[in-house]
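Throughout, my numbering is defined as the position within the sequence shown, counted from one, plus 252.
Beta carbons are placed, not taken as given, at the ideal position from N, Cα and C, and that holds for glycine.
Below is one structure, written out as C-alpha cells; the observations come after it.
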Amino acid sequence: MPRPKILYVSDLAYQAKGRRYCDEDIHLTTHLQKSFDLAITTPRTATALMAAFDTVIIRNSGPVIDYPTEYEDFKTQAKATNQRVYNPLTGKADMSGKQYLVDLTNDGFPVIPTIDDPRHLTDLPEADEYVVKPKAGADSHGLRFVKPEALTDVLAANREDVLIQPKIDFRYEVSFYFVDDEFQYTLNAPDPAHRWELARYTPTDEDLEFARKFIDWNDLDHGIQRVDACRTRDGELLLVELEDLNPYLSLDRTSDETRARFVEAMTTSVLRSLA
C-alpha cells in the first residue's frame, strides 16, 4: 500500500521569543517520515501545494495574523475541495479567534473573566489593572495593561474588537498537552515573568479534570491541543487560552520517553484521521 502523503506546514525561520519552532518541527518531521511521505512548506504556499497530499498538518506556522489573506484563502480552498487538515478547521477556540473566552465566561466555565463590551465592566471583578487585547490577537500582539481610571478612555479610542480582562495575580502558569482526547504531558512556568521557561509538572486528578473540560467542550475529532491555565493565589485554576490551531509543544522541555510517546500518539492520530 502507498504511504500517506503529508504536507507539513511550518515557518522554520519564524523568530519566537523563548522558543525555537524550527527545532521542534525538525524533530517531529524526522520521526513522522518513518510512517509518511512528508514535505515541509510555509503557510504562504500551502494552498498551492495541498491538492497533491492526503492531509495538511499545520504546526509551528506562526500567528496567522501575520498572513491573514493567505490563511483565509487556505481555509476557503480546503473546505471547497474537502481537503483533510490536521487540526481540522472546526476548532471553536483560538482557531476561531478569542470570542470563545467571552462565551466560556458567560457559560460559567473556570476561565479568566472576559468581556467584549465596555458596558459590562461591572461584571468583572475589581482589579488594579485590566488587560485589553484584540480578539484576533496572538503571541501578545496588541496586548496592553490599563489602569481602571484610564480604561474608559482607552476603550473609547479603540473601536476594534477587543477583549477586557482583570489582570490576575497568579502563582504560575501551567499547560496541558493533548493528542485527540488523550492527555500526554504537563509543563508549567514557575515564574510568571518568564512564560517560556518551563519545567516538568505532575498534575493532580483535579488538574486533569479541569483541562478535560475544555477538550470536551471543543469536541475536535482529532488533533493536538494545548490548554493554558494560571494558578491563582487561592489555588484555583483558570483558563488563559485553549490553543487548537498551531500550539507550540515545548517538546525540548520533556523527557526522551515523553517525546517518543507523543510522536507515537500523533502518528496514530494522523493515520486515524485518514481512515
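Establish whether the CB of residue i and some CB of chain B are separated by less than 7 angstroms.
i, result
"A300", "No chain B is part of this structure, which consists of one protein chain only."
Since residue i and residue j are thought to touch, with beta carbons under 8 angstroms apart, how far apart are those beta carbons, to the nearest angstrom?
i, j, result
"V414", "P377", "18 angstroms between Cβ atoms; not a contact."
"K212", "L341", "No answer is possible for residue 212: it lies beyond the span of the chain, which begins at 253 and ends at 527."
"P499", "I467", "Contact flag wrong, Cβ pair sits at about 12 angstroms."
"D249", "D457", "Only positions 253 to 527 of the chain appear in this structure, which leaves residue 249 out of reach."
"R371", "V384", "Between V384 and R371 the Cβ distance is about 15 angstroms, and since that is not below 8 angstroms, they are no contact."
"A303", "T333", "7 angstroms"
Cutting at 6 angstroms between CB atoms, please list the residues of its own chain near residue i, excluding the five before and the five after it.
i, result
"S521", "V431, D432 and H474"
"T594", "This structure cannot settle anything about residue 594, because the visible part of the chain is limited to 253 through 527."
"A463", "F428 and V479"
"T510", "Y437"
"V337", "V308 and A330"
"L403", "Y382"
"Y323", "V316"
"L407", "P370"
"V354", "T366 and D368"
"Q335", "M302"
By Cβ distance below 7 angstroms, which residues in the same chain neighbour residue i in space, the five residues on each side in sequence not counted?
i, result
"R524", "H474"
"T293", "L259, V261 and L301"
"K399", "E381"
"A517", "V431, E434 and Q436"
"H279", "L503"
"L290", "I258, Y260, T281 and L284"
"W469", "none"
With a 10 Å radius around its C-beta and 16 neighbouring C-beta atoms as the bar for buried, classify residue i as buried or exposed.
i, result
"G360", "exposed"
"T452", "One point to set straight first is that residue 452 is Arg, not Thr, in the sequence displayed. With fewer than 16 Cβ atoms within 10 Å of its Cβ, R452 is classed as exposed."
"F326", "buried"
"N339", "buried"
"D369", "exposed"
"P295", "buried"
"N440", "buried"
"D346", "buried"
"E493", "buried"
"G487", "exposed"
"T297", "exposed"
"P315", "buried"
"T321", "exposed"
"T357", "buried"
"T454", "exposed"
"T528", "Lying outside 253 to 527, the shown extent of the chain, residue 528 is not represented and no answer is given."
Does the separation of the CB atoms of residue i and residue j fall below 7 angstroms?
i, j, result
"L490", "I364", "yes"
"L526", "P256", "yes"
"D496", "G343", "yes"
"T374", "Q417", "no"
"T299", "Q329", "yes"
"I317", "A388", "yes"
"W448", "R272", "no"
"D421", "R513", "no"
Name, in chain order, the residues that DSSP records as bridge partners for residue i.
i, result
"S275", "Inspection of the sequence shows that residue 275 is occupied by Asp rather than by Ser. For D275, which the question treats as bridged, DSSP gives no partner whatsoever."
"E378", "Paired residues: none, contrary to the question."
"K257", "D289"
"L422", "Here the sequence assigns Phe to residue 422, which means Leu is not the residue at that position. For F422, which the question treats as bridged, DSSP gives the partners T484."
"A451", "N440"
"A268", "R271"
"P386", "V414"
"L490", "C482"
"I310", "V261"
"V522", "In DSSP, V522 forms no bridge with anything."
"I476", "V431"
With a threshold of 8 angstroms on Cβ separation, who are the neighbours of residue i within its own chain once the five nearest residues in sequence on each side are excluded?
i, result
"D277", "Y260, S262, L264, I292, R311 and N312"
"Y424", "N440, A441, P442, D443, P444, C482 and R483"
"Y319", "P295 and R296"
"K419", "A379, D380, E381, Y382, V383 and F397"
"V515", "L280, H283 and L284"
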